[in-house]
Amino acid sequence: DPFTPHLKVDLLPEISVAPTILSNFTASIAAVPGLRNELDAFLKGTRSGGNASFVSELIAKSALPPAEAAARGCRYNVPLINSVVLYSGAY
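This note's numbering numbers the first residue of the sequence shown as 9 and each following residue consecutively.
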């Protein structure tokens with residue numbers, strides 16, 4: 009129960025079990041040519057060109073074409089953004 013007074017989450021046995029992700033979240037990253045290599049280099053801290061430029065490039069790569077954005081009602085590829093977040097957290 010999360011409302012237990014003085015709960016120590018780090019002492020719960022379930023905290024040591026990694027969550028199971030049942031989707032292939034790397035498929036969205038693989039669909040963008042070169043993104044996985046750039047993301048790996050960024051996460052390792054070995055990317056040439058600086059981190060700020062990578063973030064700008066990532067924003068541009070996650071933007072949808074205008075016609076697709078209008079159809080989806082969103083300017084960005086949300087599955088790609090979710091995949092990048094999960095991949096970064098699992099790294």
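The beta-carbon is built from N, C-alpha and C at its ideal position, and this holds for glycine as well. All figures in this text were calculated on a predicted structure; none of them were measured in a lab.
Alpha-carbon spacing of residue i relative to residue j, whole angstroms
i	j	result
Ala79	Asp18	44 Å
Val25	Gly97	15 Å
Thr28	Asn90	16 Å
Phe62	Ala49	10 Å
His14	Tyr99	31 Å
Leu30	Ile23	19 Å
CB-CB length for residue i against residue j, believed under 8 Å
i	j	result
Leu72	Asn59	Contact flag wrong, Cβ pair sits at about 24 Å.
Pro11	Leu94	According to the sequence displayed, residue 11 carries Phe and not Pro. Contact flag wrong, Cβ pair sits at about 28 Å.
Val92	Leu51	Going by Cβ atoms, the distance from Val92 to Leu51 rounds to 10 Å, so no, they are not a contact pair.
Arg83	Ala75	That pair is no contact at about 12 Å.
Buried or exposed by the 16-neighbour rule on C-beta atoms within 10 Å, applied to residue i
i	result
Leu20	exposed
Beta-carbon proximity list for residue i, same chain, < 8 Å, skipping 5 on both sides
i	result
Ile37	Leu43, Arg44, Leu47, Leu88, Ser91, Val92 and Tyr95
Ser64	none
Any non-hydrogen atom of the ligand HEM within 8 Å of residue i CB
i	result
Glu76	Judged by which ligands are present, the structure shown has none, so any question about the ligand HEM falls away.
Sequence-distant residues of its chain with Cβ nearer than 6 Å to residue i (five each side left out)
i	result
Ser70	Tyr84, Asn85, Leu88 and Ile89
Val40	Lys69
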